[in-house]
Structures are given as structure tokens and as C-alpha cells.
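Colleague: Dropping a structure here in C-alpha cells format, bear with me for questions.
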Amino acid sequence: MTVRQARTYARRRGWRPAASEGGPLELVRVQRWLADPLRRRVPAGAVLEAWNFFEDLARGLGAVHRLPRQGAVHDSAYEKLFAGECADWTPDERRAVLELVAAGVELWDSSP
3 MTVRQARTYA
13 RRRGWRPAAS
23 EGGPLELVRV
33 QRWLADPLRR
43 RVPAGAVLEA
53 WNFFEDLARG
63 LGAVHRLPRQ
73 GAVHDSAYEK
83 LFAGECADWT
93 PDERRAVLEL
103 VAAGVELWDS
113 SP
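Letter by letter, the sequence shown follows residues 3 to 114 of the working numbering.
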């Protein structure tokens, strides 16, 4: 079923979506930040959405091994990212985010 068919099906039954999905991923913003993370401000929302997308993509492709193994430093960085407190990242947290997002971009670029 296509998205259009699903919408038509729901509309005919008088159903409305509970919530609207967000817009498209802003991978260009994420890639610009990756190209110069020391001089560019972290686009927190775009990085958070990309992180989640890359985890889902890796699981869907059976390629979780292509992302860095996540530990406590990732958890801490993710919590700060979620709260919009990227300026408070430690050097290890920043490095962990950069490695994970860079691996995610590489995975995306190599996806079929």
C-alpha cells in the first residue's frame, strides 16, 4: 500500500492521524557540521533525527556492526543532544557523536 492509498483509506473512514510526522531529514546540515565541527554550531535537532535514523537504518539493513558500539559516553551525549545542551558535551562525548554520525552518513551513502 502506498502512503496515498493509506491516506485515502483513512479519510474514507473518517480517521485522522494522531500526529503529523516531522519533515525530511536535514542530512545536508549534518554533513556541513561534520565537515567543520569545531567552527560550526551543532544543529541539534538535525543531528538527533539523523542519529535515530542511522540506528534504524543500520538495524533494517542488518548492518549494526557498521556503527560504533555505543556505551555510557553515547548515552550521556544523546541525553544532552535531546535536551539541546550540545555546548555541554565533553570532548569524549563530542568525539563519540562525530564518529557515530560520520559512520551513519557513510552507511547511508553506501545503501542500496
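No residue lacks a Cβ here, since even glycine has one placed at the ideal position from N, Cα and C.
Tell me the DSSP secondary structure of V30 in three-state form.
Modeller: Your numbering for residue 30 matches position 28 in the sequence shown. V30: helix per DSSP, three-state reduction.
Colleague: Helix or strand or just coil, what does DSSP make of W35?
Modeller: As a first step, residue 35 must be located in the sequence shown, where it is residue number 33. Helix, per DSSP.
Colleague: Out of V44, G16 and D90, point me to the one whose CA is closest to V103's CA.
Modeller: If you number the sequence shown from 1, residue 103 lands on position 101. It is V44 whose Cα lies nearest to the Cα of V103.
Colleague: Check whether the stretch 36-53 touches the stretch 83-100, counting contact only when three or more Cβ pairs, one atom from each stretch, lie closer than 8 angstroms.
Modeller: yes
Colleague: Buried or exposed for W17, going by 16 or more other Cβ atoms inside 10 Å?
Modeller: Residue mapping note: residue 17 aligns to position 15 of the sequence shown, counting from 1. When all chains shown are included, W17 counts as exposed.
Colleague: Go through its chain and collect everything with a Cβ distance to Q33's Cβ below 8 angstroms, but skip five positions before and after it.
Modeller: On the sequence shown, residue 33 is found 31 positions in, with the first residue counted as 1. So the list reads V107, once near-sequence residues are dropped.
Colleague: Assign T10 to one of two classes, buried (16 or more other C-beta atoms within 10 Å of its C-beta) or exposed (fewer than that).
Modeller: Your numbering for residue 10 matches position 8 in the sequence shown. Exposed, because fewer than 16 other Cβ atoms sit within 10 Å of the Cβ of T10.
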